[in-house]
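Visitor: Following this message is one structure expressed as structure tokens.
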Amino acid sequence: MYHVKGGDLHEMMRRIFVNYLQGNPVDAIDKSIDKHFPKWFENFVANEVNQVIDPLLQSLAWGPSMKATTWPGYFINGYNFHTVTHSMEKATMNSGICVQGSNVEDTCTDFYGLLQDVVQLEYYGNRWNRIVLFECTWFDPINGTRVHPIYNLVDVNRKKMYPKYDPFVLAQQAIQVNYIEYPSMKKDKVDWLAVCKTKARRMVEASWPGKDNTAYQMEEITSNPVVSILQEIPSLVDPQGIQQFVDLSEGLQDISESETEEDEEDEEIV
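Taking the UniProt record's numbering, the leading residue of the sequence shown gets 1, the next gets one more, and so forth.
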């Protein structure tokens with residue numbers, strides 16, 4: 001029910017449910033939310049006394065239909081995601097995923113994981129409501145994640161996974177990341193992967209038959225003019241230091257005299 005708890009309206013319903021559990025330990029409240037909230041939510045919306053008339057809440061309370069669609073990849077938020085299985089056949093890995101925590105500026109609250117499946121659910125109601133979920137496996141955000149105190153660089157431990165079952169997130173929440181192995185084989189580095197966020201793109205290139213998929217393509221192609229240094233350019237400076245001057249007035253005087261002579265010849269012919 002992560003997708004139900006993700007929206008603003010549904011967060012209000014969650015707070016109402018938590019109010020019923022006041023007085024219990026925090027751990028007990030969290031367990032009750034995961035275990036009992038879906039059924040409580042359904043009963044709360046169905047009860048006419050509560051006057052829940054929002055169509056989206058009603059559709060979610062009725063639950064999804066038996067029909068579900070899965071895909072090996074999905075393009076959203078400017079990222080081209082692939083599942084782990086689908087990425088094995090590709091030159092690049094597009095299955096790394098990050099979901100930001102409640103505090104956007106605090107990277108310590110972010111979740112990092114791997115995309116396992118893309119699922120589309122359909123809900124009944126006045127109209128068909130479709131929702132796309134990412135099923136993921138998560139690295140442990142406490143024991144399996146570390147953030148550099150100065151440079152804010154994030155590492156995840158490939159052997160420390162999140163023990164709690166909470167695999168689903170909304171596709172709209174996903175940010176794509178890549179995991180890079182450290183070249184050092186020291187014990188403090190061997191199990192850790194560096195997290196690199198991927199730049200979002202405004203469009204994705206289509207795959208055409210007979211052409212290889214492009215792993216990365218620059219948005220702008222710049223070309224510099226070719227300059228040859230093999231051809232010797234003649235110098236305008238006399239190597240012997242002899243300076244020659246040209247009197248431009250003499251040339252202008254010659255032109256004026258020739259024009260005068262031509263005019264006199266024309267008059268004689270007339």
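The beta carbon of each residue, even a glycine, is placed where N, CA and C say it ideally should be.
For the alpha helix (DSSP H) that contains Ser32, what are its first and last residues?
Guide: Its alpha helix (DSSP H) spans residues 26-46.
Visitor: With C-beta atoms as the reference, is Leu115 less than 8 Å away from Val84?
Guide: Going by C-beta atoms, Leu115 is nearer than 8 Å to Val84.
Visitor: Do Gln172 and Phe81 come within 8 Å of each other at the CB atom, strictly closer than that value?
Guide: No, these two residues do not count as a Cβ contact at 8 Å.
Visitor: Can you check whether the C-beta of Phe111 is within less than 8 Å of a C-beta belonging to chain D?
Guide: Checking the listed chains, one finds no chain D in this structure; it contains a single protein chain.
Visitor: Are there 16 or more other CB atoms within 10 angstroms of the CB of Tyr165, so buried, or fewer, so exposed?
Guide: Burial call: exposed.
Visitor: Confirm, please, whether the CB-CB distance from Ala61 to Glu89 is below 8 Å.
Guide: Going by C-beta atoms, Glu89 is not nearer than 8 Å to Ala61.
Visitor: Are Gly193 and Arg146 closer than 8 Å when you measure CB to CB?
Guide: The sequence given here has Leu at residue 193, not Gly. Not closer than 8 Å, so no.
Visitor: Taking the DSSP output, what are the residues bridged to Thr92?
Guide: DSSP lists no partner for Thr92.
Visitor: Inspect the beta-carbon positions of Val169 and Tyr112 and report whether they are closer than 8 Å.
Guide: No, Cβ-Cβ distance for Val169 and Tyr112 is not below 8 Å.
Visitor: Tell me Trp71's beta-bridge partners as DSSP assigns them.
Guide: Answer is Val118, bridged to Trp71.
Visitor: When we look at the beta-carbon of Val45 and count the other beta-carbons within 10 Å, is it buried (16 or more) or exposed?
Guide: Answer is buried; the Cβ neighbour count reaches 16.
Visitor: Provide the residue(s) that pair with Tyr161 in DSSP beta bridges, ordered along the chain.
Guide: The identity of residue 161 in the sequence shown is Met, whereas the question assumes Tyr. DSSP lists Phe139 as partners of Met161.
Visitor: Can you tell me which residues form a DSSP beta bridge with Gly113?
Guide: Answer by DSSP bridge pairing, in chain order: Ile97, Trp138.
Visitor: Specify, as a first and last residue, the run of the beta strand (DSSP E) that His148 falls within.
Guide: It is not in any beta strand (DSSP E) - His148 carries neither H nor E in the DSSP assignment.
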